[in-house]
Structures are given as structure tokens and as C-alpha cells.
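Trainee: Residue numbers (full-length UniProt numbering), protein chains in the order written: chain S, 1 to 456; chain Z, 1 to 456.
There are 2 protein chains.
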Amino acid sequence: MTANHPHPSAALAEFAANLRFEDIPAPVLRRAEDLLLDCLASILAGANARAVQAIERYAAAMGPASGPAQVLITRRQTTPLFAAMVNAAAAHVVEQDDVHNGSVFHPAAVVFPPALAVAQALGRSGKDLLVAAVAGYEVGIRVGEYLGRSHYKIFHTTGTVGTLAAAVTVGRLLNLNAEQMLHALGSAGTQAAGLWEFLRDAADSKQLHTAKAAADGLTAAYLAQEGFTGARRILEGAQGMAAGMSTDADPARLLDRLGQRWALAETSFKYHASCRHTHPAADALQQAMREYKLRDSDLAEVVAHVHQGAIDVLGPVVDPKTVHQSKFSMGTVLALIARSGRAGLAEFDAALGDQDVAGLRGKFRMELDPEVDSAYPERWIGKVTVRTTDGRVLHARVDEPKGDPGNTLSRPEIEEKALQLGVYAQAATEAEIRGLIDAIWNLENLAHVGALLPAK
Amino acid sequence: MTANHPHPSAALAEFAANLRFEDIPAPVLRRAEDLLLDCLASILAGANARAVQAIERYAAAMGPASGPAQVLITRRQTTPLFAAMVNAAAAHVVEQDDVHNGSVFHPAAVVFPPALAVAQALGRSGKDLLVAAVAGYEVGIRVGEYLGRSHYKIFHTTGTVGTLAAAVTVGRLLNLNAEQMLHALGSAGTQAAGLWEFLRDAADSKQLHTAKAAADGLTAAYLAQEGFTGARRILEGAQGMAAGMSTDADPARLLDRLGQRWALAETSFKYHASCRHTHPAADALQQAMREYKLRDSDLAEVVAHVHQGAIDVLGPVVDPKTVHQSKFSMGTVLALIARSGRAGLAEFDAALGDQDVAGLRGKFRMELDPEVDSAYPERWIGKVTVRTTDGRVLHARVDEPKGDPGNTLSRPEIEEKALQLGVYAQAATEAEIRGLIDAIWNLENLAHVGALLPAK
């Protein structure tokens, strides 16, 4: 290939190195802020998880006890390597962080922790942080799409691809040039790891994967700044990532409308804290409750019209005995929506053993719906029929689950979710989360990114 | 499988956790000491390499400026994570560290740096360090054999398998029980990475691979101590290492005569600092020079009887212009052996542009030898015919290259190699290396492993 048509890895590196704030459409920047806030709240919500605390203890033992970057869950300061590692470990644990459907990749968990840590360490501006995050999303999502379904069968894409996304993000904050960025990609790809085998044992590896993707990507970028070189074709080379870790890699995906298509804006928010199969019906019931101004006491019977997969997965869960099980109980999810309009982490914790919730549960049932079932899995349609105590029969319908790009969260909804997540583990107060929200909404005007939460 | 016949990953973990000093035959312990000294000298020889210095600068920027573990190339103290990382980066760069032929794995570079760092951090005994290293070698070599040739085609085994070897080594020093050791293996395997793609660009990734294998394995073991869990079947599971990174994995290799066959003792030393294809002839000439008490001025003509591969690779190098090229020049290698009896790093540096060496070079030529060629590659036979200035025709033959298990280095030869490597980069004085040699030969009696070299 000529200099004008570099090979894909080089073209991605060039894009990431040369991306300017002015190139990014305003809605994409706003969405990046939304995703950042959503990520920070997820990190705080993960503060008490055993696996996260183990990684934080390890980071405290091996890393410096002071430095320019903040570990959000403990508020301590250290070097960006360890702040990125611990914050990324915490970002994914409550499973409320974002997801890009096409790449099956959770970008926020591996992009924002290193972005924040390095921006703090270097005193970069809010704009710099946003550009770096957008670069990380655009490259990471395309690499995930490139490596394809065969990769995802064995490898945890958020771990593997996350390493490259993190490297690009940090590389942008370090102002790496295109050549250095290519070396950073090379050093990131040769560290990329993460196997799904842990799922079989419900082991803690998922937190290690996000922690290490953030840390290793950061390492790759800093090493590139030091003149350390990497493979130039780590993605497409004969002994590169696709050769070793994919059988259906599609090179066309790597540069798909680079600079025109903004993959960041395709990213979905997770709204309810429950099994994804419950979301369409939950969204439809939420809409019915709002539209007809219903209270839970108004409900006589609710039928959720669902696809067969929902019946298969959720049908057996009649009387949930654990918080985790209740997230797979359609009755519990709909009861929470009916009572408070939300089914978040705190609601699930409180619902266990709650007699009112148990009483409401009997009013909900699932029915196979031919239209919903045939549209699945391309479209996740939500339909409910509500019979009220005063004899009305009401219908509600949602064509795309709440949080997906076509039915995304409004800023008030994002704020509400952030408040719920942020205080969930008592890692921050409501006032601190409100301050955080203000700071993120004003990020573009921030001259130097500093600590986002006061020291404890 | 029953408790008495655990699955292979669990059996390896159990072996590593329960291995006792008393179980290890004395010759294996002595060989472990040999390999440790050889590794320490390799680390010192790599001190000035650009890639190593970049990793050391990164470690200094991100890690603590004090701690219980020593970075050998700078003598500074830090936490074991960073000492292991930098020392492992340096161990492989001059390509004089050990190799296990069957697994195509360089164990020393990824086993001894974390072993030393953690032994220093925890004040463990010399015996503890030896047991930990043996455990790391035995497990790592078997995992390398298990993943097989298909793995090595794309993945750099010393990087991938090295992560597990390092985890086992550190896990042993942390006194992990079998269950914790299994979790350490799981967390190591899910971090295992390293692609050969960098070779195409002569990039620096090889140093990153050893550095990260040591660091990530250490991380896995410390996390296991913190209660962090990993996949129980990271090697053999349906979404484990073999499933994702090998097509010819042979489970029988994993537990091959565990506790009876000592794979550590099969490991080869690298003797000459030149291309492996020059070694058999160099060994044969060295034998002729010694046996017949020849000096370089006695030589009229020397014929090296070689395999076709040696002619293919070395034939084109007639007038080497760089140090690297001269390591592929049979004439240069044999000239160095004739003059000083050795072809080490320092001899190659000095030979470049040396008129005496250039003059000698013309006395050596290669000839295809049917016996040598047909034995290759199973056996690397060395044969030379020497015609002396006084008209004698002398023959010499070596059936196994110097450094391989059947023709291994004696302690004086290991000491000599250590002295050469140790002072090569001026990272230590000859007196310091002699002190190091004494310390390693007395390792078994050391109550607490401390810094091996005085602070600068």
C-alpha cells in the first residue's frame, strides 16, 4: 500500500493521532459526556465488590501511595497506571456500563478509566479527554467488529480489544504522532488477552480483564512515547491478532467510514439492572404507567407479550430466592417498575423478601407473541396489555429497548441513573454525585482535569 | 474426575503447591542454581538495550521509588512487580538465556526475575527460591509442550506460557495452597499473550513479552492470595488457552511424569553468542584447538562439515558489516574460537573491523556433509577437519552442541560465561560478579534472600 493508502493498522493509528476536537460532531461529544458520567457512576457502584477490592489491595501494595491520579472507589491518589487499573476493575462489575451491540464490546470500562487517570496526571483539558475517549471508542469498536463472532466465542472482547482502545485513548492524551500510535497499537495488540473460560466457574476474571486492558493499553502508549516499537500490522499481519484469535476477521470493518460514522454514538446504555430479556416488557409497562398515570394499586392484571427466549429463560423463575435470581424474574422486574418506575440495583436489593413486591408479582404473566417472537433477535419489541382495577384495558408498545441508540436515555434519565449507581455502594454522597454531574456537563470548558471527587 | 484424579490444571496446581525441597534431586537443584546464575548474568548483559531502558523508565515513572526488591540493571529498589518486570525485560535481550528445546520456551527469563523479586520482598530462603523456580520450570515447560507447535506458529510461547510459569513460581513463594494455586493459574492463563508479528518489523515486543509474563504471572499469584478466583480449567477448558490458542494441544504432555521427570534438567544453555547454525562447528573447532594444543597461527585451513541449512543461512555472509551480521558469519565465529577460545558478546563487538579476524576468516570454509545433514535437525553434529601449517590433518567431532543436556556446561564454564555477560554492559564489576557467583553457589544455605548486588 502507498502512503496515501496505508494498511489498516496504520490508517487507524493515523486517524487516532490526528483526530481534532473540531472534527467531532457536537452530538457525539455530548454522548461521550453521557457515557463518561455513566461509567463513573458504574465505577462507584462497584466499589464494594470483593474482586474489585482484591485488585485495589494489590494496587496499593505494588503501586505508589501518592501521585496525580485518583482511585475513585477509595479516593486515594497514585500513578495513572494503578488508578486506571482499579477504576477499570470497578467499572464493569455491576454490569450497568455501556455496550456496543455490533462489536459485543463494553468500551466505557476500558476507555474512561485510563483517559481520566492520564488526563489528571498530565493536566489535560476536558476537550483533550473527550477527543481521546472518542478516538478510543472509534478504534476499539471497529477492531471488535473486525475480529468478529469467532473471536468472541473464546475471547472476552472487552479484555482483548479493550487493550487497543485504552492504548489509543492514552496515546491521544500523550499526543503521540501517527508513527508512535502505530507502535502503541502493536504493543497493545501483543498484550491483548482474556478468555471466557472463567464463566464456567463464575470466577472473578471479568474484573481482571477490564483492569488489565486499561493498564496494558496505558503501558503500550507510554512505552511508545519512550521510543519502544511494536508490530506495524498487529491486527492484520500473518502472525497478528486476527491470525491467532479469529477465523472470520473482516478487514473491511476496520476502517468502516472512519471519521464519518461515529461508532461511539451507536453505544447502548443499560437501563434496568435486570436480565436483558425483561427489558422490552419493562419499558412498555413503564410507558403505560406514565401515559395513563397509573399507580401500582391500579393494576388488576398485566400481560407481557414476549418472545420464546424470554419464556425459556425467565419462565422457571417463579419465586426468586436471591437478588441475582430476582433479576431473572419477570414478575419482580415488572413489580418494581409498577411501584417506583425503576428497576435499578438498589430496588433489587430492597425487593428481596419484600411482601408487597411478592404480592404484586402474581399480577404479571408472560404470553408468547408471534410478532415479538418473529422480530427477535434483530429487534427487541416490548408489548404489554394492562387491565386496570376500574376495568380499562390499556396497551403499550416500545419498538427498541430503552438505552439503545434509537431509544436512548435523556440527560435527566442519565442523571437519575448516575445518582442511583453513584450512591449504591456508599462510595459517594448524593451531593458529590450532583457535583460530578455538573463537572461532566461542563467538561468541555475545563482547562485541566483534576480529581473528580474530594479526597476522603 | 475424582479428587484422586483431578483434571490437568488442578493436578499441576497441586504439584506446584505441594512440591517440597526434599522431593527435588540434588542434581536438579544444582542445575537450578546454574540457570539462575546464567539468568542474572543475562539480565546484566541486557542493561544498555534501548528497549530495556524504555521499560525501566516506564517502571520508574509508574512504580514506587523504594521497596524490598532490586532492579538489577540500575540497582534501585522498588516493589516486586516492577523489579520482576524490568529484570525480565532485560533477561532475554542478548539472547544468551536458556532454552527448553521440546517446548521452545525460555524459562529462566520469566521464572527467575519474579522469583528473586518476591523472595526479596518476603525474605524467603534460598531453598524457597529454588523450590519455587523448579515448580515454575516444571509447570511452564509442560504447558509449552501441551500447547504445541501450532501455538508457537503465532504465539510467542515465552510470553504466553511464561505468564503461567511466573504465576506458579510466585505462588510457591507466597505458599499458596493447591486451590489458590489453581486460581493463580486461571488468572495467569487469562492474561497470557504475545504474538510473533513483531518479528517482521524487528520491533521491541520480545522484551515486553518477558516483562509482562513475569509481571502478569506475579499479579495472578498475589491476587489469588487476596481471594481472587480464576477459571479452574484455564488450560483444557472449552474456552480456555488450548481452545483459543492451539490446534494440536496434547493433554498427555501436561502431567508427563510429574515429579519424576525433571524438565528443568533438560534445559539448554546458550554457549556461543552466534547463530545456532554455527555452534556445532564452533564446538568441534574448540575441541580440536584444545586437544591438539593449537594456536590460531597453527591453522592453514579449516573445513567445517555442515548441514545444508547452515550453508543456506550462513553462506551469503562473507564480509559482515555489523555485529549482528558477524554472528551469522561462520568465518568470524571460527576465527574468534581459534584466537581466544570463545565467541561471546564482547568478542563479537571487538571483532568488527578487526584486521586479524578478517585475515583469519579466509582460512575457514563450509562443506556439505551427508552424515551431518541427514542427522539434522534431530541431532546437530559438529565436525571439522583442520590442516595445520606444519602439514598435519586433524579431525574433531562433537555429537551434541555445547550447552545441551548431553553436553552441558561445567560450573567453571558457567562461571566464565557469567563473568563475560555480567561485565559486558558495565552493569557490574568483575568482583561483583564473583560475589554473585559465590552467593548463588551457596544459595541453599541462605536464610533470607536479599539484594544480590550492592546499591549504587
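A virtual CB, placed ideally from N, CA and C, is assigned to each residue, including glycine.
Using a Cβ-Cβ cut-off of 8 angstroms (strictly less than) and excluding sequence neighbours within five positions of L218 of chain Z, which residues of its own chain qualify?
Mentor: Answer for L218 of chain Z: P80, L81, A84, P114, A117, V118, A166, A167, V170, listed in chain order.
Trainee: Rounded to whole angstroms, what is the Cα-Cα separation between Q180 of chain S and N442 of chain S?
Mentor: Cα to Cα, Q180 of chain S sits roughly 31 angstroms from N442 of chain S.
Trainee: Could you round the C-beta distance between A224 of chain Z and L164 of chain Z to whole angstroms and report it? I think they count as a contact, below 8 angstroms.
Mentor: So it is not a contact: roughly 12 angstroms between Cβ atoms.
Trainee: Would you call the CB atoms of K363 of chain Z and E301 of chain Z closer than 8 angstroms?
Mentor: For K363 of chain Z and E301 of chain Z, yes; Cβs fall inside 8 angstroms.
Trainee: Can you tell which of Z:A310, Z:S103, Z:R149, Z:A439 has the C-alpha that lies nearest to the C-alpha of G126 of chain Z?
Mentor: Of Z:A310, Z:S103, Z:R149, Z:A439, the residue nearest in Cα terms is Z:A439.
Trainee: Looking at L334 of chain Z: is its Cβ nearer than 8 angstroms to the Cβ of A281 of chain Z?
Mentor: Cβ atoms of L334 of chain Z and A281 of chain Z: closer than 8 angstroms.
Trainee: Quick one, which of S:A45, S:H7, S:F15, S:D23 has its alpha-carbon nearest E430 of chain S's?
Mentor: When only C-alpha atoms are compared, the closest one is S:A45.
Trainee: So for S9 of chain Z, helix, strand or coil by DSSP?
Mentor: Reduced to three states, the DSSP call for S9 of chain Z is helix.
Trainee: Report the CB separation of F21 of chain Z from V139 of chain Z in whole angstroms; it is logged as a contact under 8 angstroms.
Mentor: Actually they are not in contact, since the Cβ atoms of F21 of chain Z and V139 of chain Z sit about 17 angstroms apart, beyond 8 angstroms.
Trainee: Can you list the alpha helix (DSSP H) stretches of 4 or more residues lying completely in the segment 269–337 of chain Z, in chain order?
Mentor: Here the runs fully enclosed are 279–291, 308–314, 323–326.
Trainee: At which residues does the alpha helix (DSSP H) containing I383 of chain S begin and terminate?
Mentor: The question names Ile, but residue 383 of chain S is Lys in the sequence shown. Premise fails: K383 of chain S lies in the beta strand (DSSP E), 382–388, not in any alpha helix (DSSP H).
Trainee: With 8 angstroms as the threshold, decide whether the Cβ of H448 of chain Z is near any Cβ in chain S.
Mentor: No - not a single Cβ of chain S is within 8 angstroms of the one on H448 of chain Z.
Trainee: Can you list, in chain order, the residues of its chain whose CB lies under 8 angstroms from that of A418 of chain Z, leaving out five sequence neighbours each side?
Mentor: Correct list, in chain order: L37, D38, L40, A41, I433, L436, I437.
Trainee: What does F15 of chain Z touch in chain S if you count any residue whose Cβ is under 8 angstroms from its own?
Mentor: Ordered by position in chain S, no residue passes the 8 angstroms Cβ test against F15 of chain Z, which lies about 20 angstroms from the chain.
Trainee: Is the beta carbon of G136 of chain S closer than 8 angstroms to that of V104 of chain S?
Mentor: For V104 of chain S and G136 of chain S, no; Cβs fall outside 8 angstroms.
Trainee: Assuming H209 of chain S and T247 of chain S make a contact with CB atoms under 8 angstroms, what is their CB distance in whole Å?
Mentor: The Cβ separation is near 21 angstroms, so there is no contact.
Trainee: Under 8 angstroms, with one C-beta from each stretch per pair, do the segment 255–266 of chain S and the segment 358–375 of chain S reach the 3-pair mark?
Mentor: No, they do not touch.
Trainee: Answer yes or no: does any C-beta atom of chain S fall closer than 8 angstroms to that of F228 of chain Z?
Mentor: It does; some Cβ of chain S falls within 8 angstroms.
Trainee: Compare the C-alpha of R339 of chain S against each of S:A351, S:H7, S:L345 and name the closest.
Mentor: Considering only alpha carbons, the answer is S:A351.
Trainee: Determine, using beta carbons only, whether R379 of chain Z and D354 of chain Z come nearer to each other than 8 angstroms.
Mentor: Going by C-beta atoms, R379 of chain Z is not nearer than 8 angstroms to D354 of chain Z.
Trainee: So what does DSSP say about L35 of chain S, is it helix, strand or coil?
Mentor: It is helical.
Trainee: Specify the secondary structure class of V28 of chain Z as computed by DSSP and reduced to three states.
Mentor: Helix, per DSSP.
Trainee: Between which two residues does the beta strand (DSSP E) containing L130 of chain S stretch?
Mentor: It is not in any beta strand (DSSP E) - L130 of chain S instead sits in the alpha helix (DSSP H) that spans 126–154.
Trainee: What residues of chain S sit near Q239 of chain Z, judged by a beta carbon separation below 8 angstroms?
Mentor: By Cβ distance, chain S contributes K153, I154, L195, W196, E197, L199, R200.
Trainee: Taking a contact to mean a Cβ-Cβ separation below 8 angstroms, would you say R397 of chain S touches K383 of chain S in this structure?
Mentor: Cβ distance < 8 angstroms, so R397 of chain S and K383 of chain S count as in contact.
Trainee: Under a three-way DSSP split, which group does F228 of chain Z fall into?
Mentor: Looking at F228 of chain Z - three-state DSSP - the assignment turns out to be coil, as it is neither helix nor strand.
Trainee: Mind checking which residues open and close the alpha helix (DSSP H) that includes F364 of chain S?
Mentor: Not the alpha helix (DSSP H): F364 of chain S falls in the beta strand (DSSP E), residues 364–368.
Trainee: Classify P454 of chain Z: buried if its beta carbon has 16 or more other beta carbons within 10 angstroms, exposed otherwise.
Mentor: When all chains shown are included, P454 of chain Z counts as exposed.
Trainee: Is it true that the CB of V86 of chain Z sits closer than 8 angstroms to the CB of A54 of chain Z?
Mentor: Contact: no.
Trainee: Could you check where the beta strand (DSSP E) with A396 of chain S kicks off and where it finishes?
Mentor: A396 of chain S -> beta strand (DSSP E) spans 393–398.
Trainee: Take the Cβ of E56 of chain Z as the centre, count every other Cβ of all protein chains shown within 10 Å, and call the residue buried at 16 or more, exposed below.
Mentor: E56 of chain Z is buried by the Cβ-count criterion.
Trainee: Under the rule that 16 or more other beta-carbon atoms within 10 Å means buried, what is A3 of chain S, buried or exposed?
Mentor: Low local confidence applies: a pLDDT of 48 at A3 of chain S is under 50, so the model's placement there is unreliable, and no value is given.
Trainee: Is the CB of residue 457 of chain S under 8 angstroms away from at least one CB in chain Z?
Mentor: An answer regarding residue 457 of chain S cannot be provided, because it is not within the stretch 1 to 456 covered by chain S.
Trainee: If you draw a straight line from the C-alpha of P8 of chain S to the C-alpha of A108 of chain S, how long is it?
Mentor: Their Cα atoms are separated by approximately 24 angstroms.
Trainee: Rank S:V71, S:S66, S:V94 by C-alpha distance to the C-alpha of A346 of chain S and give the top, closest one.
Mentor: For A346 of chain S, the nearest C-alpha among the options comes from S:V94.
Trainee: So which residues of chain S does G148 of chain Z contact, with C-beta pairs closer than 7 angstroms?
Mentor: The premise fails here: G148 of chain Z is roughly 14 angstroms from chain S at the closest Cβ pair, so nothing lies under 7 angstroms.
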